[in-house]
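Worksheet for the structure shown next.
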Amino acid sequence: MAFRCSKALPHPVETLVSEPWTIAVKPFQVSPQTYYVSGQKWVGAYLIDTGDGLILIDTAIPESDYLLVDSIYKLGYKPTDIKKILISHAHFDHMGAAMAMKQLTGAPLYISKEDAAFIEACEEETYIPDSGSHVQHIDKFDYFYDDDTRIELGNISIRTMLTPGHTIGCTSFFWEEKNPVTGDVYTVAMHGGVGANTMNDEYYSTSKYLTPDLRDRFFADADKVAGIHVDIALPSHPNQIEIMDRAGTYTHESQPYLDETVWADFVRERVRQVKVLM
Ligand SMILES: [Zn+2]
Numbered sequence: 011m012a013f014r015c016s017k018a019l020p021h022p023v024e025t026l027v028s029e030p031w032t033i034a035v036k037p038f039q040v041s042p043q044t045y046y047v048s049g050q051k052w053v054g055a056y057l058i059d060t061g062d063g064l065i066l067i068d069t070a071i072p073e074s075d076y077l078l079v080d081s082i083y084k085l086g087y088k089p090t091d092i093k094k095i096l097i098s099h100a101h102f103d104h105m106g107a108a109m110a111m112k113q114l115t116g117a118p119l120y121i122s123k124e125d126a127a128f129i130e131a132c133e134e135e136t137y138i139p140d141s142g143s144h145v146q147h148i149d150k151f152d153y154f155y156d157d158d159t160r161i162e163l164g165n166i167s168i169r170t171m172l173t174p175g176h177t178i179g180c181t182s183f184f185w186e187e188k189n190p191v192t193g194d195v196y197t198v199a200m201h202g203g204v205g206a207n208t209m210n211d212e213y214y215s216t217s218k219y220l221t222p223d224l225r226d227r228f229f230a231d232a233d234k235v236a237g238i239h240v241d242i243a244l245p246s247h248p249n250q251i252e253i254m255d256r257a258g259t260y261t262h263e264s265q266p267y268l269d270e271t272v273w274a275d276f277v278r279e280r281v282r283q284v285k286v287l288m
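When we follow the numbering used here, the leftmost residue of the sequence shown carries the number 11, and every step to the right adds one.
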């Protein structure tokens with residue numbers, strides 16, 4: 011199915027606190043080894059079954075952490091099966107529950123060097139925009155990626171790519187999975203962050219850390235990023251690439267998320283949106 015996106019949810023933190031059932035979602039499979047597990051429709055978290063333990067990408071916020079944990083159990087796993095927790099970028103909506111998940115799983119936390127420095131320099135800025143979330147301070151990250159770091163577990167090898175713009179150390183992830191029925195190998199990817207909310211002049215006028223040259227880098231890198239072959243494109247926020255419409259329909263035979271055109275269309279659409287806001 012071709013690339014589609016939708017509007018961002020209004021007041022998502024408030025909704026998760028007061029009416030979580032309105033945006034709750036059961037875990038669902040998106041590729042041979044990967045599941046959407048945040049338990050809510052605002053911000054994504056993905057669980058990869060490597061055959062030798064799980065990798066969790068992003069954690070969402072503390073207010074929906076029970077939904078994430080419930081998703082893990084619903085899939086037949088337990089939190090201690092998680093061996094690595096990767097954070098896409100230093101914003102509260104993706105890493106707000108990271109400390110809770112680290113404590114619950116015992117797994118090490120990963121983030122880019124650049125975003126670790128961003129947190130160190132001005133943690134308060136990682137809570138915007140409009141967090142009412144009770145974010146836990148992260149005492150310590152355990153590992154730091156560069157551009158093109160390999161993260162290996164079981165039969166999965168994730169390649170990181172530094173994709174600055176939305177934050178200075180925003181990191182995208184690429185890995186391969188084999189369809190056990192057909193034998194086909196797919197490149198699966200999650201872009202680390204594309205929100206225009208931190209790539210506009212108003213934001214730069216108040217930011218103590220992010221500067222307009224990051225937006226220039228986002229534009230400059232766009233062709234290179236869009237040119238990567240990706241068979242299954244996953245969004246960090248599900249409104250950015252429509253995936254909810256096929257939740258629960260996955261089979262190895264049907265591959266509802268397999269479409270090699272989605273990734274490039276998504277990257278180009280986000281560049282267009284940032285330019286509109288300039
Ligand atoms: Zn963000």
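Where a beta carbon is used, it is the ideal one built from N, C-alpha and C, also for glycine. A quick note: this is a predicted structure, and the numbers were derived from the prediction, not measured.
Where the alpha helix (DSSP H) containing LEU268 begins and where it ends: Mapped onto the sequence shown, residue 268 falls at position 258. Unbroken run through LEU268: none, as it is neither H nor E.
Touching by the beta-carbon criterion (3+ pairs, under 8 Å), the region 65–74 and the region 15–31: yes
For TYR180, the nearest candidate out of TYR76, HIS99, GLU263 and TYR56 (CA to CA): Numbered from 1 along the sequence shown, position 170 holds the residue referred to as residue 180. It should be pointed out that residue 180 corresponds to Cys in this sequence rather than to Tyr. Per the Cα distances, HIS99.
Check: HIS99 C-beta below 7 Å from any heavy atom of ligand 1: As a working note, residue 99 is residue 89 in the sequence shown. Yes, the beta carbon of HIS99 sits closer than 7 Å to at least one heavy atom of ligand 1.
N-terminal and C-terminal residue of the alpha helix (DSSP H) that ILE33 is part of: The residue labelled residue 33 in the question sits at position 23 within the sequence shown. Segment: none, ILE33 is in no alpha helix (DSSP H) and carries neither H nor E.
Proximity below 8 Å, CB of ALA117 to CB of ILE92: Position 107 of the sequence shown, counted from the first residue, corresponds to residue 117. Position 82 of the sequence shown, counted from the first residue, corresponds to residue 92. Yes, these two residues count as a Cβ contact at 8 Å.
Cβ-based burial, LEU5 [other Cβ within 10 Å; buried from 16]: Absent from the structure is residue 5, since the part of the chain shown begins at 11 and ends at 288.
Option in PHE38, HIS144 and SER122 with minimal Cα separation from ALA110: As a first step, residue 110 is located in the sequence shown; it is residue number 100 there, counting from the start. Closest option to ALA110, Cα to Cα, is HIS144.
With 16 other Cβ atoms within 10 Å as the buried cut-off, status of TRP31: Position 21 of the sequence shown holds residue 31. TRP31 comes out exposed.
GLN39: first and last residue of the uninterrupted beta strand (DSSP E) it sits in: Taking the first residue of the sequence shown as position 1, residue 39 is located at position 29. It spans 38–41 - the beta strand (DSSP E) in which GLN39 sits, taken as one unbroken run.
Proximity to THR90 [Cα-Cα], best of HIS101, GLN113 and LEU268: In the sequence shown, the residue the question calls residue 90 occupies position 80. Among HIS101, GLN113 and LEU268, the Cα nearest to that of THR90 is on GLN113.
Alpha-carbon to alpha-carbon, GLU270 and ARG282: In the sequence shown, counting from the first residue as 1, residue 282 sits at position 272. In the sequence shown, counting from the first residue as 1, residue 270 sits at position 260. In a straight line, the C-alpha of ARG282 is about 20 Å away from that of GLU270.
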